[in-house]
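*Asks:* Pasting in a structure now, in structure tokens, and then I'll have a few things to ask.
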Amino acid sequence: MSDNYQDRVTPLSFEKDSQINVVVNRPDGEESGIDLMRVFHVMRVKRRVYAWVLILCMVLGMCAPLLMYQWQAHMVRVSSVVTLNYKLPSGKTVSSLTAPDGKELDLSQLTSAYVLQGALDQVSLPSAVTVSRLRDNIRIDRILTEESRRQQEVASKMLQDKTNAAYTQLQSVKLTYINQFIVALDNGFGGVNLSDSDLRNLLDQVLKSYNAYLAKTYADMYLPADEVSIIDVDSLDVMESLDLLRDAMDNLYSYCDSKPKDIRAYRSWSDGRSLEDLKVYIETLQSVNVDYLYSYVYANSIAEDRNTMISKYQYRLRNAQQSLAEINGNIATMKAIIDSYKPDQIFVDNQSSDTTKATKVTTDYYNQLVLELASDYRSAASLEIRIADLEDKISALQTGNTTKDIAEAKEELRRAIDVCSEAYRQVYDHMQEIVERPFYTTYLEFSSAQGEAEGFLGTNVKKMAVGAVAGAFIACGLWFVSAFVAELKRANRRVSGRKEVD
């Protein structure tokens, strides 16, 4: 390698206070350099000014998201956890998504036009909201039971196998839900921007409208049947009318007595009565008005058409005897099965004493037979009482020949029907007042809507941080550009000065 080449590749040595120049070649051969060290020197000189610029840019970057949040329509969601709270036909409190009639509760009715229009009629909004827009912004989520949640987790793991057996087993999984569901309402009405209070009020009215729908749809299940006003004294015989009146009052008393303790203890705001008070009132009517007239009519064999009444009672007697014979046959069959039943034995080994103990256990089938046998015994006893009563009535009609006092008995029967009708009306109004109470309870006593959107700062905290960083970058960029421009101008002035000297 030649000495000239070694001279060319000898490393440059930088002395203290040396400078690095950026050289721009011009067409005319002149050279203009920008001293980067001087650029940083200018930045250091202007650091106090641009410190304030940095703070100002960061503040503007933090304020920009807040201003945009105010100018733009932001999404807000309010929700409510609704808890069903009513009795099923079985007498048990609802524990799943079951309607008051015992069938599956149809939650889609919550977004029906009837329910939503009823809610919109009860609120005053700043802008009109259509039923379809309201339906699109409502979301309903059911809550799984713990057992169903575990089944769902197992099913999600089974899906990873992707086998036919896994899919078949997955289809057999039946999910169940508790007696709660979540109703959420979004503020997604396009140009209509509702406030948080408007959304909460609107969701409250939707739930109240749905409650009114439930009360109107299932109210007949909770109100007593009117069996008193259908008794026509003019077309029925006195004895037959009395039979219907006695059955009607017995059913009305049983209706009141079958209600839960908290329902029976509820006192009406209009008259202060409870179902317990009405039960006592019905018992008094039965003994004073109904039973007294019943004993008077049958003791004197008062009947308008004796032969017709005898024929009717004989027909009822034959039906009752036939039913009793069928039940007695069932009782005999089940007794034979129970007597020949041999309980299963379970052998338990005691390791400490090296002994084995045998324990006899019954199956569910045996227990079910015992329950059915007890039910048949009760039915047979009731039929035997009915048969004896019908035989006494037939005997009294056949031996008696009284046709007097029919008009007086009918007049007394009409008064008894009027009094019993008033008792039925009181029970009906009392239960109507109870039924109109809400079918659901929520975690709040009145307003059930809970906001789910973050607060003003919580929603924009990330945007504010990004804005502050962006403002800092902009301030630093302006700081560097201003120093670079100042150095560029200085370099241009130096070149111009050289030209003038030349």
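Number 732 in my numbering belongs to position 438 of the sequence shown; there are no gaps in the numbering.
Just so you know, even glycine gets a beta-carbon here, dropped at the ideal spot from N, CA and C.
Every value quoted in this text rests on a predicted model; they were computed, and no experiment measured them.
Pairs of beta-carbons, one from the region 501 to 515 and one from the region 373 to 393, closer than 8 Å: are there three or more?
*Replies:* A contact exists between the region 501 to 515 and the region 373 to 393.
*Asks:* Does the Cβ of Asp862 have 16 or more other Cβ atoms within 10 Å, making it buried, or fewer, making it exposed?
*Replies:* Past the edges of the chain, shown from 295 to 796, lies residue 862, and the structure says nothing about it.
*Asks:* In this structure, does DSSP put Ala769 in helix, strand or coil?
*Replies:* Three-state DSSP puts Ala769 in a helix.
*Asks:* Using the C-alpha atoms, what's the distance from Glu620 back to Tyr592?
*Replies:* Approximately 30 Å between the Cα atoms of the pair.
*Asks:* Buried or exposed for Ile349, going by 16 or more other Cβ atoms inside 10 Å?
*Replies:* Under this definition Ile349 is an exposed residue.
*Asks:* In whole angstroms, what separates the C-alpha of Leu404 from that of Ser426?
*Replies:* Taking the straight line from one Cα to the other gives about 13 Å.
*Asks:* Give me the Cα-Cα distance between Leu354 and Ala762, rounded to the nearest whole angstrom.
*Replies:* Taking the straight line joining both Cα atoms gives about 8 Å.
*Asks:* Excluding the 5 residues flanking Tyr504 on each side, which residues of the same chain have their C-beta closer than 6 Å to its C-beta?
*Replies:* Cβ within range, chain order: Leu404, Val409.
*Asks:* Can you name the start and end residues of the beta strand (DSSP E) that Ser373 belongs to?
*Replies:* First-last of the beta strand (DSSP E) with Ser373: 371 to 378.
*Asks:* Using a threshold of 8 Å, state whether the C-beta atoms of Leu576 and Tyr547 are closer than that.
*Replies:* What sits at residue 576 in the sequence shown is Ile, not Leu. For Ile576 and Tyr547, yes; Cβs fall inside 8 Å.
*Asks:* Please state if the CB of Ser373 and the CB of Asn473 are separated by a distance shorter than 8 Å.
*Replies:* Not closer than 8 Å, so no.
*Asks:* Can you find the residues in the same chain that come closer than 6 Å, C-beta to C-beta, to Leu684, ignoring five residues on each side of it along the sequence?
*Replies:* Excluding sequence neighbours, Leu684 sits near Tyr607, Arg610, Leu611.
*Asks:* Please list, in chain order, all residues of the same chain as Tyr471 whose beta carbon is under 8 Å from its beta carbon, the five residues on each side excluded.
*Replies:* Ser390, Leu391, Arg436, Ile437, Leu438, Thr439, Ser442, listed in sequence order.
*Asks:* What's the gap between the Cα of Arg494 and the Cα of Asp670?
*Replies:* Those two C-alpha atoms are separated by around 56 Å.
*Asks:* What residue range does the alpha helix (DSSP H) around Arg731 cover?
*Replies:* Segment: none, Arg731 is in no alpha helix (DSSP H) and carries neither H nor E.
*Asks:* Using the three-state DSSP reduction, which class does Ile681 fall into: helix, strand or coil?
*Replies:* Three-state DSSP puts Ile681 in a helix.
*Asks:* What residue from Leu428, Gln580, Val721, Arg672 has the CA that sits closest to Leu497's CA?
*Replies:* Nearest C-alpha to Leu497: Leu428.
*Asks:* With distances taken from CA atoms, which of Leu782, Ser790, Lys783, Ala769 is nearest Ala345?
*Replies:* Of the candidates Leu782, Ser790, Lys783, Ala769, the one whose C-alpha sits nearest the C-alpha of Ala345 is Ala769.
*Asks:* Between the Cα of Ala764 and the Cα atoms of Ile632, Asp400, Met352, Arg719, which residue gives the shortest distance?
*Replies:* Closest option to Ala764, Cα to Cα, is Met352.
*Asks:* According to DSSP, is Thr387 helix, strand or coil?
*Replies:* Three-state DSSP puts Thr387 in a strand.
*Asks:* Less than 8 Å separating the beta-carbons of Arg780 and Val370?
*Replies:* Residue identity check: residue 780 is Ala in the sequence provided, not Arg. Their beta carbons are not under 8 Å apart, which means Ala780 does not touch Val370 by this criterion.
*Asks:* Any chance the region 557 to 568 sits against the region 716 to 731, with 3 or more Cβ pairs inside 8 Å?
*Replies:* Segments in contact, yes.
*Asks:* Determine contact between the region 525 to 533 and the region 699 to 706, defined as no fewer than three beta-carbon pairs at a distance below 8 Å.
*Replies:* Verdict: yes, contact present.
*Asks:* For Cys550 and Ser450, I'd like the C-alpha separation in whole angstroms.
*Replies:* Taking the straight line from one Cα to the other gives about 49 Å.
*Asks:* Alpha carbons only, please: which of Met331, Pro554, Arg731, Asp541 is nearest the one belonging to Ile711?
*Replies:* Comparing Cα-Cα distances from Ile711 to each of Met331, Pro554, Arg731, Asp541, the minimum goes to Asp541.
*Asks:* Going by CA-CA distance only, name the one from Gly396, Arg600, Val343, Ser715 that's closest to Asn583.
*Replies:* Looking at the Cα atoms, Ser715 is the closest of the given residues.
*Asks:* Which residues does DSSP list as the beta-bridge partners of Ile632?
*Replies:* Ile632 pairs with nothing; no bridge assigned.
*Asks:* Under 7 Å Cβ to Cβ from Gln615, same chain only, skipping five residues before and after it: list those, please.
*Replies:* So the qualifying residues of the chain are Ile681.
*Asks:* Spell out the partners DSSP gives Lys606 in its beta bridges.
*Replies:* The partner list for Lys606 (beta bridge, DSSP) is empty, contrary to what the question assumes.
*Asks:* Following the continuous alpha helix (DSSP H) through Gln446, name the residue where it begins and the one where it ends.
*Replies:* Its alpha helix (DSSP H) spans residues 440 to 452.
*Asks:* If you draw a straight line from the alpha carbon of Ile524 to that of Tyr590, how long is it in whole angstroms?
*Replies:* Approximately 23 Å, taken between the alpha carbons.
*Asks:* Let's test the definition: count the other Cβ atoms within 10 Å of the Cβ of Lys573 and tell me whether it reaches 16, buried, or not, exposed.
*Replies:* It is buried - the Cβ of Lys573 has at least 16 other Cβ atoms within 10 Å.
*Asks:* Kindly indicate which three-state DSSP category Val664 falls into: helix, strand or coil?
*Replies:* Helix, per DSSP.
*Asks:* Taking the continuous beta strand (DSSP E) assigned at Leu479, which residues delimit it?
*Replies:* Here the beta strand (DSSP E) through Leu479 covers 471 to 480.
*Asks:* Near Ala630, what residues of its chain come up, given a Cβ to Cβ distance below 7 Å and the 5 sequence neighbours on each side ignored?
*Replies:* There are no such residues.
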